[in-house]
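Numbering of the sequence shown is given in our numbering, commencing with residue 17 and proceeding in unit increments. Yeah, the Cβ is synthetic: ideal placement off N, Cα and C, and Gly gets one too.
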Amino acid sequence: MSTTGFFRIRLTTIRANEPLPFDIFISLDQKIIPYLNKDHSLKFEKIQSLHAKDTGESFFVADTDKQLYRDYVKQSMNSNLIHNDQKATILRESSMAILEDLYENPDVSKALEESKPIISDLLKFMTEAPDSIGNLISLSGHDFYTYNHSFDVSIYSLGLGQALGFDAKTLEELGQSSLFHDVGKRMVDLSILCKKGALDENEWVQMRQHPQFGLKILNEHPNITDAIKAACFEHHESWSGGGYPQDISGTEIHPFARIVALTDTYDAMTTQRSYNVPMTPSEALNLMNGKLKGRFDPEMLKAMYSILFKMDAA
Ligand SMILES: [Fe+2]
Ligand SMILES: [Fe+2]
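Rendered as structure tokens:
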């Protein structure tokens, strides 16, 4: 179905009983048709029931209203009437729409530029509402897996970057690196990405090429920093060696890639997917600090412990 000219939104980002500043559309029989006109409103119960049925693919706003939508979300984030836990949901669900756009936009430089507001919103929220950070993490890994995963990895990475004392500029670049670390999965067959069940040998061969694919994509665009490229190309390397694609080790691996290696593994182990039972945070950390210990930068692993302990407590 063509959705050119529109972007997906989630209804949980819509405020009930308030006139909307933009039109909302739905997809029906392969077409996008108007659902609710500007200046109309939705009742709370209606939003809840529609959202419960939404697979994440049903509601759209016109590209021409993108800035209006972003301003609308910003108002919610600044409102005193909305609880921080609710704000976390809004931040996450509105970023998902933008992320989807980023992953599909052929102009990666532009997408990277557009990702900056997401990172600054995240950092602001993490500073202002540290008790609600846990609510930013997705509960379900079933829809939009790559986007959810990239978003979660970014939150963990930013938390880790903060714990390691990175300055604002570095955190911004780290956030972008994390959001785009799996950009190479764009070139992996969808049948492999969405496969319900374990991959066979051949499928793994292709899957394990996503760091190279990612580097290729990033190299095609000017002005992309070495750090962003390194996070993409080196995040499956291992501190003690034996990772891929280059089999480098220790400080040869860029610090951002060492961070993403940690947060990526942690997110993969703790997220529910169709074919696995997710580990609890402490099970995952125990495994990372036990059997998998050699894979990670020891200082970073220690810092990861402290931030997850904080998140868990919240
Ligand atoms: Fe990856
Ligand atoms: Fe990943």
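Near ligand 2, meaning a Cβ closer than 5 Å to any of its heavy atoms, lie the following residues in chain order: Asp198, Asp280. Taking 7 Å as the cut-off, one finds no heavy atom of ligand 1 near enough to the beta carbon of His270. The three-state secondary structure of Tyr51, taken from DSSP, is strand. His237 has its Cβ no nearer than 7 Å to any heavy atom of ligand 1. In the DSSP annotation of this structure, the continuous segment of the alpha helix (DSSP H) that includes Leu209 starts and ends at 206-209. Counting only residues of its own chain and dropping the five nearest sequence neighbours on each side, Ala277 has a CB closer than 6 Å to the CB of His251.
Excluding the 5 residues flanking it on each side, His67 has same chain C-beta neighbours closer than 8 Å at Arg26, Leu27, Thr28, in chain order.
Sorting Asn151, Phe76, Met112, Ser131 by C-alpha distance to the C-alpha of Asp101 places Asn151 at the top. If you draw a 10 Å sphere on the C-beta of Ser193, you find 16 or more other C-beta atoms in it, and that means buried. Our two residues, His165 and Ser57, have alpha carbons roughly 32 Å apart in a direct line. Counting only unbroken stretches of 4 or more residues, the alpha helix (DSSP H) elements lying wholly within the stretch 147-202 are 161-179, 184-195, in sequence order.
Bounds of the alpha helix (DSSP H) holding Ile244 are 242-250. Beyond the five residues adjoining it in sequence on each side, Pro261 comes within less than 6 Å, by CB distance, of Pro227, Gln228 in the same chain, given in chain order.
Boundaries of the alpha helix (DSSP H) harbouring Ala300: 297-305, taken from the DSSP string.
The C-beta separation of Thr20 from Phe76 comes to about 11 Å, leaving the pair out of contact by the 8 Å criterion. The residues Val124, Ser125, in chain order, have a CB closer than 6 Å to that of His237 in the same chain once the five nearest residues on each side in sequence are set aside. Distances from the CB of His226 to the heavy atoms of ligand 1 include at least one below 7 Å. Ligand 1 has no heavy atom closer than 7 Å to the beta-carbon of His56. Just measuring C-alpha positions, the residue of Asp183, Ala243, Gln222 sitting nearest Phe196 is Ala243. The stretch 169-179 and the stretch 266-282 touch, with no fewer than 3 CB-CB distances between them shorter than 8 Å. Pairing Ile153 with Gly200 gives a Cβ-Cβ distance that is not under 8 Å. Annotation for Gly230: Val199, Gly200, Cys248 place their beta carbon closer than 6 Å to its own, counting only its chain and skipping 5 residues before and after. Note that the stretch 311-322 touches the stretch 179-187; at least 3 beta-carbon pairs, one per stretch, sit closer than 8 Å. In the DSSP assignment, Ala78 forms a beta bridge with Phe22.
The DSSP-derived three-state label of Phe41 is strand.
Counting only the Cα atoms, Ser95 lies some 33 Å from Tyr282. A Cβ-Cβ distance of about 6 Å is found for the pair Leu115 and Phe167, placing them in contact under the 8 Å criterion. Setting aside the 5 residues that flank it on each side, Val204 is surrounded in the same chain by Gln222, Met223, Gln225, His226, Phe229, each with a C-beta closer than 8 Å to its C-beta; the list follows chain order. Closest option to Gly310, judged by alpha-carbon separation, among Glu61, Ala284, Gly258, Leu52: Gly258. The beta carbon of His99 sits no closer than 7 Å to any heavy atom of ligand 1. The beta carbon of His67 sits no closer than 7 Å to any heavy atom of ligand 1. Inclusion of Phe41 and Ala113 in the CB contact set at 8 Å is not warranted, their separation being larger than that value. In the DSSP assignment, Trp255 falls outside any alpha helix (DSSP H) and carries neither an H nor an E.
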